[in-house]
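Converting from the sequence shown to my numbering requires adding 10 to each position, the first position being numbered 1. Notes follow once the structure below has been shown.
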Amino acid sequence: MKKLLLLLLPFVTLAQGPPNCVPTTIVINLDQYQDETYWTIEDTSGTVITYGTNYGSQPDYASVIEQRCLPEGYLIFTIYDTYGDGLNGALWGGLDGSYYVMQCNDTLVYGTDAAFGNDSIHVFVSDACPPVMGCMDPAYVEFNHLADTDDGSCNTLKVFGCTDSTMYNYNPQANTMALINNCDYVLTLYDLIGDGWVGSYLEVTQDTNAYYYWIDTTAYTQDFIINLNSPQPVTFKFSVTQQASLTAPHCGFKLTNPLGMTMIEVLPPFIQPMYNYTVPTYCGNLCVEKTFGCMDSLAVNYVDSVNTDDGSCYYLPGCTNSSYLEYYTQGFVADYNNGDCQTEAIWGCTDSTAFNYDVIANIDNGGCIPVILGCMESLAFNFDPLANTPDTCVPLIYGCTDPTQFNFDVNANTDDGGCEPYVFGCTDSIMFNYNPLANSDNNTCIPFISGCTDPSMLNYNPSANTEDFSCIAYIYGCMDSTALNYDSLANTDNGSCIEIVVGCMDPGAYNYESTANVNDTSSCLYSAGCITGAGYPYWLNDECYAWVISVDDYCCENEWDTICQATYDYCDGTWSGPLLTRVQAKKELIMITDLLGRPTKEIKNQLLFYIYSDGSVEKKLIKQ
C-alpha cells in the first residue's frame, strides 16, 4: 500500500488580482490519494497569485473545479504531489488522474502526464476574454444566454403559441413554441447486479442547479422525478469510486420527458471511469393535433368529435362517379352514391359535319374541328399546319434567296438562313492576318514572325508580330561576381558595383581602416594598459603582442613568462610546437561568419571567418 504523506504548503503571500481580471477554471481530476495533491499559480517574479489544497475530504477520483480570476500576462501553473509519484493512481491498483486550466472556453494547460513525480510545471499566457456579443433580453427571439455584451441584435419580440403548421391550433403569428407547465422528467438508474453502484453517483446539472443520485444497494432499477423547467441544456456526469471501478460496467441510466420521449439512454456497460453527457430539454408544447372528418351538422356523415373538416360531407343521393353519363344528366348535384350510375360516359365530338365527328360519343367535349383543305406534307414548300384535309403540295428548294449576298441561289424558294455577305481579306490560313470570315481574297496576307513583342523587354523584336512568350525583363544591378553588391539576378549592369575592401572597421582600434567595407574583426588591435612593468619586450602596436595579451590575461596583468613568449613565437611562426595549456584551454569556437559579418554555417567554396573564445579569428576556404 502506498504510504500517505502530510501536505505541507509553504507560507505564501497571495498577490492581489487587478480589478479587470480573467475568469479562469482549474479542474483537477484526482486519483485515490487526494490529500497528496495541491497546486499553485505564480507570476514570473515568483509571487503566488492563488493555490488549491486540502482535497483529502474529496471522494476517490473526484473532479475538483476551482474558479479563479487571474491577472493578464505570463503565469506559471504548478501541480504538486507530496509522495512524489504525481497522479499515478494506476501504479497502486487504482486510476490515474489529470488536470487542466481553461480561460474563455480555451484549454491553456492540459495534463495527462499522471506520473509527473513531485511536480509538473506549465507556463501559459492569461489573456482577457473577448466579449460575447448578442441579444441579452430573454423577451426576444434573438436572446443569447451566453452573451455578456448587448450588440443591439434584439429585434423580434417573442410571440408564444403553437408554431407547428401541421397542428390544429397553429398560430402563424407565433415565433416561439409555448411549452406546457409540467417539466417533470423521469430519471431511471440501472444496476445489473443490484449492489447500489458501490458509492458511485450521477451528477445532474442545469444552470446553477445540481442534483446527485445513486441507486439503493438492493435495487436493480430505480426512478427519480427531476423538474427541468429551464430551456438550458442538462449535463450528466457519472463518477466512479475506486471500489466501484469493477462494477461500473453494470451501471446505466435513462432520461424520459413528460411526453414519454426518451431524451438520452446510456445502457450498461460503462467502459470508462467518468462520463459527461449534455442533452437539450423539451417539456412538450400546447399544440393540438388535427382530427379530420365532416363538421357540418346538416350532412349525412356529420362527426361532432373532429376539429378539421376534410371535405367528406355528403347530402343528396345519386350518381357521384364522373365516369358515367348519369353523373352529368342529373345536374352534378349528387354527393352520395345511390347506385344510379349505369351508362359509361364517352367524350367526343358529336357534330356529324365536323372533321373529328365521333359516332360513339354521347357527351360532347366541345372539341369539334371544322374541315380545312391544304398541303399536309411537312417537308413541302406550301405546307399548311392548320390543314386537316389533303390538297396540292409544292416541294421545298433550300438556298440563299438574297441576290445581294455572296452565295445567292436563283432556284431556291425557301431561304435556309445561310446567306453569306461578301467579306474581303486574307483567306490563307497559314498567314498571320488570316481572316476566317473572309470569302474573297484581297492579296493582303502577311506571314507569321515570332518573337518578343513587348518594347519594354530586354529582347524586344520590332519585326515580330506573334508573341512567343520569350520576353526577358530588364533587371538592373551589379553583374561583377567579385563585387560587394553583386546581383546574380541582374542582366543589365547599372555601374553600381562596389569593390570589396576587407579590414578593421572599428574606429576604436589603432589599425582602423577607413576605406574597408567588409569588417575583419580578427584584424582589429586595441591599446591595452598592461601592468607587467618595464621588462615586457614588445610594443602595443605589435600585432603578435596584441594578440598574446588578448588571449592570455596573465601576460598583461601579471608578468611576461615563458608561456607568454611561446604564444608570441607561435603567432609570428617561430614556434614549432603546439600552444601551451593555458592558451589552449581558453580557445573555443564561438561562431562562423561570412564576409559581411553575418552568422552562418560551414559552407564549402566560400571564404568564412571562424571566431574563437580567446579572441582569435581564422580565415578558412574549404573546397568541395
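We treat Cβ as the ideally placed atom computed from N, Cα and C, and that holds for glycine. Computed from a prediction, not measured in an experiment: that's the story for all the values here.
Ends of the beta strand (DSSP E) at residue 136?
Looking at the DSSP string, the run of the beta strand (DSSP E) that includes residue 136 is 129-136.
Determine the burial state of residue 60: buried for a count of at least 16 other Cβ atoms within 10 Å of its Cβ, exposed for fewer.
Burial check for residue 60: the Cβ neighbour count within 10 Å reaches 16 or more, so the residue is buried.
Name the two residues that bound the continuous alpha helix (DSSP H) containing residue 575.
Its alpha helix (DSSP H) spans residues 572-582.
Under the three-state DSSP convention, the category residue 283 falls into
Summary for residue 283: the model assigns pLDDT 45, below 50, so the residue's position carries little reliability, and this model does not support an answer.
Am I right that residue 471 and residue 462 are in contact with their C-beta atoms under 8 Å? What's the rounded C-beta distance?
Rounded, the Cβ-Cβ distance is 5 Å, consistent with contact.
Alpha helix (DSSP H) runs contained entirely in the stretch 310-362, provided each spans 4 or more residues:
Within the stretch 310-362, the complete alpha helix (DSSP H) runs of at least 4 residues are 336-339.
List, from N- to C-terminal side, the alpha helix (DSSP H) runs of 4 residues or more that fit wholly inside the stretch 421-456.
Listed in chain order, nothing qualifies, since the stretch 421-456 has no complete alpha helix (DSSP H) run of 4 or more residues.
Are the CB atoms of residue 326 and residue 345 nearer to each other than 8 Å?
It is a contact, given that the beta carbons lie within the stated cut-off.
Contact between the stretch 78-92 and the stretch 33-48: three or more CB pairs below 8 Å?
Yes, the stretch 78-92 is in contact with the stretch 33-48.
Give me the DSSP bridge partner(s) of residue 506.
Residue pairing by DSSP leaves residue 506 without any beta bridge partner.
Please report how far the alpha carbon of residue 503 lies from the alpha carbon of residue 526, in whole angstroms.
Taking the Cα positions, residue 503 is about 23 Å away from residue 526.
Straight-line Cα distance separating residue 312 from residue 306:
In this structure, the straight-line span from the alpha carbon of residue 306 to that of residue 312 is close to 6 Å.
Starting from residue 418, follow its DSSP beta bridges and name the residues at the other end.
In DSSP, residue 418 forms a bridge with 410.
Do residue 98 and residue 72 have their C-beta atoms within less than 8 Å of each other?
Pairing residue 98 with residue 72 gives a Cβ-Cβ distance that is not under 8 Å.
Pair within 8 Å by beta-carbon distance, residue 7 and residue 85
Nothing about residue 7 can be reported from this structure: the residues present for the chain run from 11 to 634 only.
Considering just the uninterrupted stretch of the beta strand (DSSP E) at residue 108, what are its terminal residues?
Residue 108 -> beta strand (DSSP E) spans 108-113.
From residue 621 to residue 509, what does the alpha carbon distance come to, in whole angstroms?
Rounded to the nearest whole angstrom, the C-alpha separation of residue 621 and residue 509 is 25 Å.
Taking buried to mean at least 16 other C-beta atoms within 10 Å of its own C-beta, is residue 515 buried or exposed?
By the 10 Å Cβ count, residue 515 comes out buried.
Would you call the stretch 201-221 in contact with the stretch 162-172, where contact means no fewer than 3 C-beta pairs closer than 8 Å?
With the cut-off at 8 Å, the stretch 201-221 and the stretch 162-172 do not touch.
Output the boundary residues of the alpha helix (DSSP H) element that contains residue 636.
The structure shown does not extend to residue 636, since the chain is modelled only from 11 to 634, so the question has no answer here.
Among the candidates 268, 206 and 244, whose CA atom is the shortest distance from the CA of residue 235?
The candidate whose alpha carbon is nearest that of residue 235 is 268.
Which class does residue 102 belong to by DSSP, given the choice of helix, strand or coil?
The DSSP-derived three-state label of residue 102 is helix.
Near residue 154, which residues of its chain fall below 6 Å by C-beta distance, leaving aside the five closest residues on each side in sequence?
Around residue 154: 144 and 145.
Are the stretch 416-432 and the stretch 381-388 touching by the rule of at least three beta carbon pairs closer than 8 Å?
Contact fails: fewer than three Cβ-Cβ distances are below 8 Å.
Rounded straight-line distance, which links the Cα of residue 337 to that of residue 304:
Distance between the alpha carbons of residue 304 and residue 337: 23 Å.
If I measure Cβ to Cβ from residue 20 and keep anything under 6 Å in the same chain, skipping five residues before and after, which residues do I get?
Only weak support exists for where residue 20 lies, its pLDDT of 37 falling under 50; the value from the coordinates is given anyway. Apart from sequence neighbours up to five positions away, no residue of its chain approaches residue 20 with a beta-carbon distance below 6 Å.
State the start and end residues of the unbroken beta strand (DSSP E) segment that holds residue 123.
Under the DSSP assignment, residue 123 falls outside any beta strand (DSSP E); it carries neither an H nor an E label.
In or out: residue 594 buried (at least 16 other Cβ within 10 Å) or exposed?
A caution first: residue 594 carries a pLDDT of 49, below 50, which makes its placement in the model too unreliable to give a value.
Measure the alpha-carbon distance for residue 427 versus residue 435 and round it to whole angstroms.
Each residue's Cα considered, the two are about 23 Å apart.
Whose CA, out of 132, 333 and 408, lies closest to the CA of residue 420?
When only C-alpha atoms are compared, the closest one is 408.
Pull up the DSSP beta-bridge partners for residue 76, would you.
Beta-bridge pairing links residue 76 to 36.
Proximal residues to residue 117 (C-beta, below 6 Å), its chain only, five neighbours per side dropped
If we look at residue 117 and ignore the five residues flanking it on each side, its Cβ neighbours are 110.
Please identify the residue among 480, 589, 399 and 137 whose C-alpha is closest to the C-alpha of residue 115.
Comparing Cα positions, the closest option is 137.
Quick one: is residue 495 buried, meaning 16 or more other Cβ sit within 10 Å of its Cβ, or exposed?
Its Cβ having fewer than 16 others within 10 Å, residue 495 is exposed.
Pick out whichever of 249, 248 and 278 has its Cα sitting closest to the Cα of residue 230.
Closest option to residue 230, Cα to Cα, is 278.
Between which residues of its own chain and residue 610 is the CB-CB distance below 6 Å, once the five residues before and five after are set aside?
Contacts found: 602 and 604.
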